[in-house]
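J.:
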DNA sequence: ATGCGGACCTGTTAGC
DNA sequence: TGCTAACAGGTCCGCA
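Residue numbers (our numbering): 50 to 320.
1) In angstroms with no decimal places, state the Cα-to-Cα distance between residue 174 and residue 135.
2) With a CB to CB cut of under 6 Å and the five nearest residues on each side skipped, what residues in its chain are close to residue 305?
3) Pick helix, strand or coil for residue 228, following the three-state DSSP scheme.
4) Just to confirm before moving on: does the CB-CB distance between residue 103 and residue 110 stay below 8 Å?
5) Between residue 195 and residue 241, what straight-line distance do the alpha-carbon atoms span, to the nearest angstrom?
6) Which one or two residues does DSSP pair with residue 307 in a beta bridge?
7) Helix, strand or coil: which one does DSSP assign to residue 86?
8) In chain order, which continuous runs of the alpha helix (DSSP H) of length 4 or greater are located wholly inside the stretch 147-235?
9) How far does the alpha helix (DSSP H) with residue 246 in it reach, from first residue to last?
10) Please work out which residues of its chain come closer than 8 Å, Cβ to Cβ, to residue 152, disregarding the five sequence neighbours upstream and downstream, and give them in chain order.
11) Quick one: Cα of residue 287 to Cα of residue 249, how far?
12) Verify whether the separation of the beta carbon atoms of residue 307 and residue 212 is less than 8 Å.
13) Count the other CB atoms, across all protein chains shown, that sit within 10 Å of the CB of residue 96; report buried if there are 16 or more and exposed otherwise.
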């Protein structure tokens, strides 16, 4: 479900409720997520004050003086602000109960998400250490894409979705960015000129930036911390539009499968 | 080093 | 109407 814009939307929605607040306790109902929630995590987090809620790629970093909780929403995760008394549902796997009486509840039907703890600099954590640049910050541009693509034969779409190259671009925004940059998703990454990579970097920034501004994309079930859907869905130009006219030229949008993931593109606009 | 396929898990929908 | 298969927004890991 969540790509960078959805995670950032979640972060922005939760930050005001978390930052400066003390965590009274952590209630774990289901430990088995992508990795088991560490047994000592509730003990380490209880009594701590949240100094900041940050994001790195699709990970949320909840910082405290004792260490940092890493949270990932996987494919189907979401987090909401509730009052602690609200009855939990079947897939509500853990709660962060605050002194204020609020409760940040994590829900994830498929359990591909994660809640982990690190007492050290989270940037050095094995899951974060190898991540590429943030697409909406300085350090990401066409030159870095071009440089990293040298000699590589992977399809540009898979390349773009590789978090070691750039973080935050998932299946929806990869198709959207390639359409805006007019690049065929099947092209070998190493065969694209610097100029085209610059267009692609710009398209990635544009798509993700607009999506963040609209609160992300809700296709089926994404909702922010307040339970609101994202409004970028309407801006999607190719994703989930197979057979419908390309909004630029009218050619029917094509669907294909790359590496077990759906890709959508316009065979006329994208070369 | 790179690239590919499988693995993790549940819910929803398309098709027979 | 009911069953089954395919598919869904992620990404790590092991193997060739």
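Glycine residues also receive a C-beta, built at the ideal position from the N, C-alpha and C atoms.
T.: Walking through what the data contain:
1) Rounded to the nearest angstrom, the two C-alpha atoms are 34 Å apart.
2) Residues of the same chain with a CB within less than 6 Å of the CB of residue 305, apart from the 5 flanking positions on each side, are 312 in chain order.
3) In this structure, residue 228 counts as helix in the three-state DSSP scheme.
4) Yes, Cβ-Cβ distance for residue 103 and residue 110 is below 8 Å.
5) Cα to Cα, residue 195 sits roughly 7 Å from residue 241.
6) 310, per the DSSP bridge assignment.
7) Residue state, collapsed to three classes: coil.
8) Listed in chain order, the alpha helix (DSSP H) runs fully inside the stretch 147-235 are 175-178, 191-198, 205-209 and 220-229, counting runs of at least 4 residues.
9) Going by DSSP, residue 246 is part of the alpha helix (DSSP H) stretching over 243-262.
10) Within the same chain, Cβ atoms closer than 8 Å to the Cβ of residue 152 are found at 130, 131, 132, 133, 135, 144, 145 and 146, the five residues on either side in sequence being excluded.
11) Spanning the two alpha carbons is a distance of roughly 16 Å.
12) Their beta carbons are not under 8 Å apart, which means residue 307 does not touch residue 212 by this criterion.
13) Result: exposed.
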